[in-house]
Amino acid sequence: MADDLFASPGSTPGNYDASSIEVLEGLEPVRRRPGMYIGGTDERALHHLAAEVLDNAMDEAVAGHATRIEVTLEAGNRLTIVDNGRGIPVDPHPKFPDKSALEVILSTLHSGGKFSGKAYNTSGGLHGVGVSVVNALSMDTVIEVAREKQLYRQRFARGVTLAPLEHLGGTPNRRGTSVAFTPDTEIFGEMLFKPGRLYKLARSKAYLFAGVEIRWKCDAELITDDTPAEAVFQFPGGLADHLREQIGTRECATAEFFSGAQDFPDGQGRVEWAVAWPLWSDGSYSWYCNTIPTPDGGTHEQGLRTALTRGIRAFGELVGQKKAKDITADDVMTGSELMLSVFIRDPQFQSQTKDRLTSPEAAGLVEKAVRDHFDHFLSDHMDRGKALLGYVLERMDERLRRKAEREVKRKTATSARKLRLPGKLTDCSADDPAGTELFIVEGDSAGGSAKQARDRKTQAILPIRGKILNVASATSAKILANQEIADLIQALGCGTRKDCVPENLRYERIIIMTDADVDGAHIATLLMTFFFQEMPDLVRQGHLYLAQPPLYRLTVGAKSAYARDDAHRAEIEATLFKGKKVEVSRFKGLGEMNPGQLKETTMDPATRGMLRVRLPEEYEERAVVKDLVERLMGNNPAHRFAFIQENAARLEEEAIDA
Numbered sequence: 005m006a007d008d009l010f011a012s013p014g015s016t017p018g019n020y021d022a023s024s025i026e027v028l029e030g031l032e033p034v035r036r037r038p039g040m041y042i043g044g045t046d047e048r049a050l051h052h053l054a055a056e057v058l059d060n061a062m063d064e065a066v067a068g069h070a071t072r073i074e075v076t077l078e079a080g081n082r083l084t085i086v087d088n089g090r091g092i093p094v095d096p097h098p099k100f101p102d103k104s105a106l107e108v109i110l111s112t113l114h115s116g117g118k119f120s121g122k123a124y125n126t127s128g129g130l131h132g133v134g135v136s137v138v139n140a141l142s143m144d145t146v147i148e149v150a151r152e153k154q155l156y157r158q159r160f161a162r163g164v165t166l167a168p169l170e171h172l173g174g175t176p177n178r179r180g181t182s183v184a185f186t187p188d189t190e191i192f193g194e195m196l197f198k199p200g201r202l203y204k205l206a207r208s209k210a211y212l213f214a215g216v217e218i219r220w221k222c223d224a225e226l227i228t229d230d231t232p233a234e235a236v237f238q239f240p241g242g243l244a245d246h247l248r249e250q251i252g253t254r255e256c257a258t259a260e261f262f263s264g265a266q267d268f269p270d271g272q273g274r275v276e277w278a279v280a281w282p283l284w285s286d287g288s289y290s291w292y293c294n295t296i297p298t299p300d301g302g303t304h305e306q307g308l309r310t311a312l313t314r315g316i317r318a319f320g321e322l323v324g325q326k327k328a329k330d331i332t333a334d335d336v337m338t339g340s341e342l343m344l345s346v347f348i349r350d351p352q353f354q355s356q357t358k359d360r361l362t363s364p365e366a367a368g369l370v371e372k373a374v375r376d377h378f379d380h381f382l383s384d385h386m387d388r389g390k391a392l393l394g395y396v397l398e399r400m401d402e403r404l405r406r407k408a409e410r411e412v413k414r415k416t417a418t419s420a421r422k423l424r425l426p427g428k429l430t431d432c433s434a435d436d437p438a439g440t441e442l443f444i445v446e447g448d449s450a451g452g453s454a455k456q457a458r459d460r461k462t463q464a465i466l467p468i469r470g471k472i473l474n475v476a477s478a479t480s481a482k483i484l485a486n487q488e489i490a491d492l493i494q495a496l497g498c499g500t501r502k503d504c505v506p507e508n509l510r511y512e513r514i515i516i517m518t519d520a521d522v523d524g525a526h527i528a529t530l531l532m533t534f535f536f537q538e539m540p541d542l543v544r545q546g547h548l549y550l551a552q553p554p555l556y557r558l559t560v561g562a563k564s565a566y567a568r569d570d571a572h573r574a575e576i577e578a579t580l581f582k583g584k585k586v587e588v589s590r591f592k593g594l595g596e597m598n599p600g601q602l603k604e605t606t607m608d609p610a611t612r613g614m615l616r617v618r619l620p621e622e623y624e625e626r627a628v629v630k631d632l633v634e635r636l637m638g639n640n641p642a643h644r645f646a647f648i649q650e651n652a653a654r655l656e657e658e659a660i661d662a
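In short: position in the sequence shown from 1, add 4, done, that's the working numbering.
Now the structure itself:
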């Protein structure tokens with residue numbers, strides 16, 4: 005394998021002597037084996053060239069010498085990155101007196117100012133191969149340096165210096181380095197930079213260092229999506245700003261994120277973090293070292309995991325929660341959305357592409373810095389700490405339940421069905437269906453509140469996204485292919501249509517819990533249509549219910565009451581609060597209710613009200629009911645219009661009589 009790297013192209017296995025040994029000079033090794041330096045020649049490798057140059061500019065900003073970076077993509081796949089830092093040195097290099105330091109850096113591997121730590125306390129470029137690799141793999145590279153009020157320029161092609169350093173004269177109002185390059189089509193073919201990917205790269209760098217302003221500009225003709233042609237990024241809040249934008253309006257286990265920054269002792273660097281626990285999320289993790297993304301994590305990730313795990317265990321012990329001792333890092337991390345950025349001296353990575361940090365000291369530095377802040381985050385606001393502890397314990401219970409399921413043999417049909425439960429179902433812990441309830445909840449936000457408000461032993465939560473498929477106007481194949489319906493069928497476990505066996509139903513009650521508005525009523529109607537058509541026996545046997553969430557909260561002083569609708573509100577105002585000034589708040593949806601309110605009004609059997617869904621006696625014959633459902637919910641609007649015309653007069657008469 006080693007011989008392959010150095011054997012002369014003209015040599016043969018039978019003629020192996022000194023003439024067979026080839027010495028690659030300058031940047032030729034990069035062009036022969038680009039995968040060793042940038043991980044390949046695919047799209048990811050192409051964009052790695054942009055990252056290498058941008059990282060150099062960011063190092064100037066982190067070191068305190070640059071405040072602005074410009075990233076410009078032009079026609080012809082031409083990328084230019086400019087900073088207003090110190091500028092690459094242009095004086096003759098002591099080891100190569102006939103070359104400027106700039107030329108040495110651009111044309112020699114393992115050259116740069118980041119080895120000793122004298123020029124940069126922390127930096128992303130470490131091996132001295134970054135910009136020289138970009139130069140080697142570009143068919144045209146132009147470097148301009150504004151240093152000490154003088155402007156210089158030098159040109160390269162495929163790693164070869166085309167001409168000596170040019171002195172272009174004075175430039176009193178400019179400083180820093182400009183790198184413009186066009187990736188070599190001999191290496192990358194016709195592959196082009198993607199504006200959207202470069203835009204996100206530039207934006208992420210601005211979040212990673214709050215003091216820098218990054219300006220993005222792209223030829224509008226190159227953009228094929230919603231990427232803006234121009235933008236300016238500057239985020240004073242750093243990672244916390246990024247995470248807040250990423251979370252949006254989603255409800256989290258704690259209203260405030262766990263975010264902060266801390267310098268390491270003895271000037272060893274610093275760490276910044278931002279963590280949130282959305283109630284409904286697959287989770288996402290972003291790790292950085294010296295502004296370099298490390299997608300595979302590493303020792304800084306290990307330090308954060310340890311700090312969060314030990315912190316939540318200690319808080320559990322503080323509040324007397326014995327189960328907390330069994331919490332693992334996965335219980336704390338799974339489903340969370342977090343960002344961690346460290347700045348350390350001379351970091352070690354797994355490869356030149358820096359996908360994983362391996363510096364052993366990073367784990368201890370991060371753990372000590374984060375742990376103290378996390379302890380305060382939990383204990384300074386006990387309700388917040390308990391809310392997060394409860395969320396983590398739910399994760400732990402789910403993990404242990406799944407572990408137990410894997411370890412115990414399935415001998416009954418019920419046990420077998422549990423293996424196929426949908427992932428977004430939050431199940432109850434009771435094994436006996438008697439007394440258990442499945443709440444079908446509209447949306448992630450409402451689902452999050454319901455999870456916290458439920459009785460974990462007897463109440464399960466299944467969130468659905470918006471309006472489900474209208475089964476009255478869909479084919480059987482389309483119904484079975486719908487993911488929301490498939491999840492619902494799996495959760496119930498009793499089959500559908502002729503295969504429906506009510507005795508196998510996993511819950512005693514099925515409760516449709518939607519918002520108390522028109523959209524919520526529509527979703528409830530679609531769900532009832534599904535149960536009538538696919539599982540009519542469940543309706544006949546009284547398993548289906550409608551929750552009755554309030555639409556209003558009425559408050560007088562310290563006393564509050566809840567109203568289901570306008571009529572109920574008027575009744576309360578005329579009786580309980582008669583003659584008093586009532587403060588009225590309207591719930592836009594279940595997601596606006598905190599878990600305590602949702603439990604009290606809609607989920608607690610002791611205080612809630614529900615409607616049992618039944619088939620009217622006059623429509624007990626299935627054919628007649630099916631005809632009615634088809635008229636109301638089918639795909640022929642003329643049927644609905646005719647039904648309204650037939651019944652409108654009767655409704656008007658009843659309204660007058662009332």
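We treat Cβ as the ideally placed atom computed from N, Cα and C, and that holds for glycine.
Endpoints, the alpha helix (DSSP H) within which residue i is located
{"i": "R248", "result": "L243 to I251"}
{"i": "P364", "result": "P364 to S383"}
{"i": "I465", "result": "No alpha helix (DSSP H) contains I465, which is instead part of the beta strand (DSSP E) from Q463 to I468."}
{"i": "V34", "result": "E32 to R36"}
{"i": "S449", "result": "D448 to A457"}
Continuous beta strand (DSSP E) stretch holding residue i: start and end
{"i": "S142", "result": "S142 to R151"}
{"i": "P518", "result": "Here the sequence assigns Thr to residue 518, which means Pro is not the residue at that position. T518 -> no beta strand (DSSP E), and no H or E assigned at all."}
{"i": "G174", "result": "E170 to G174"}
{"i": "I85", "result": "R82 to D87"}
{"i": "S182", "result": "G180 to P187"}
{"i": "S263", "result": "F262 to D267"}
{"i": "V104", "result": "Here residue 104 is Ser; the residue named in the question, Val, does not match the sequence. Note, S104: beta strand (DSSP E), F100 to S104."}
{"i": "V279", "result": "G273 to A280"}
{"i": "L580", "result": "From DSSP, L580 is part of no beta strand (DSSP E); its letter is neither H nor E."}
{"i": "A565", "result": "K563 to A567"}
When the options are compared against residue i, the one with the closest alpha-carbon
{"i": "T338", "options": "D359, A280, R510 and R219", "result": "A280"}
{"i": "G324", "options": "G389, R375, T518 and Q456", "result": "G389"}
{"i": "A235", "options": "P199, R248, F262 and T258", "result": "P199"}
{"i": "L202", "options": "D102, T189 and A49", "result": "A49"}
{"i": "G264", "options": "V275, Q352 and S285", "result": "V275"}
{"i": "L312", "options": "T332, H97 and D102", "result": "T332"}
{"i": "W220", "options": "C498, G368, D491 and E74", "result": "E74"}
{"i": "K358", "options": "T518, A54, D300 and F239", "result": "D300"}
{"i": "V94", "options": "I147, R82, I227 and H51", "result": "I147"}
{"i": "Q238", "options": "Q250, D286 and A206", "result": "A206"}
{"i": "L619", "options": "S564, D608, G613 and D541", "result": "D541"}
{"i": "G470", "options": "S480, E446, E152 and A478", "result": "E446"}
{"i": "A366", "options": "S104, P351 and Q545", "result": "P351"}
{"i": "S340", "options": "A244, G287 and H304", "result": "G287"}
{"i": "R501", "options": "F536, L473, E488 and M40", "result": "F536"}
Beta-carbon proximity check, residue i vs residue j, cutoff 8 Å
{"i": "A528", "j": "I516", "result": "yes"}
{"i": "R309", "j": "P282", "result": "no"}
{"i": "K209", "j": "L58", "result": "yes"}
{"i": "L106", "j": "Q154", "result": "no"}
{"i": "W277", "j": "V374", "result": "yes"}
{"i": "G271", "j": "R179", "result": "no"}
{"i": "V586", "j": "V560", "result": "yes"}
{"i": "V370", "j": "V346", "result": "yes"}
{"i": "A257", "j": "L392", "result": "yes"}
{"i": "G307", "j": "W291", "result": "no"}
{"i": "L83", "j": "F262", "result": "no"}
{"i": "G427", "j": "W284", "result": "no"}
{"i": "L615", "j": "L602", "result": "no"}
{"i": "L77", "j": "L226", "result": "yes"}
{"i": "A140", "j": "G163", "result": "yes"}
{"i": "L344", "j": "F353", "result": "no"}
{"i": "S142", "j": "D87", "result": "no"}
{"i": "V149", "j": "T181", "result": "yes"}
Minimum Cβ-Cβ distance from residue i to chain C less than 8 Å
{"i": "L110", "result": "The structure shown contains no chain C; it holds only a single protein chain."}
Cβ-Cβ separation, residue j to residue i (assumed contact under 8 Å), whole Å
{"i": "L496", "j": "L509", "result": "6 Å"}
message: Runs of 3 residues minimum, wholly inside the region 584 to 614: which ones carry the beta strand (DSSP E) assignment?
response: 587 to 590
message: My parser needs the alpha helix (DSSP H) runs of 4 or more residues fully inside the region 303 to 357; what are they?
response: 303 to 322 and 333 to 337
- prompt: In chain order, which continuous runs of the alpha helix (DSSP H) of length 4 or greater are located wholly inside the region 471 to 540?
  reply: 480 to 485, 487 to 496 and 522 to 538
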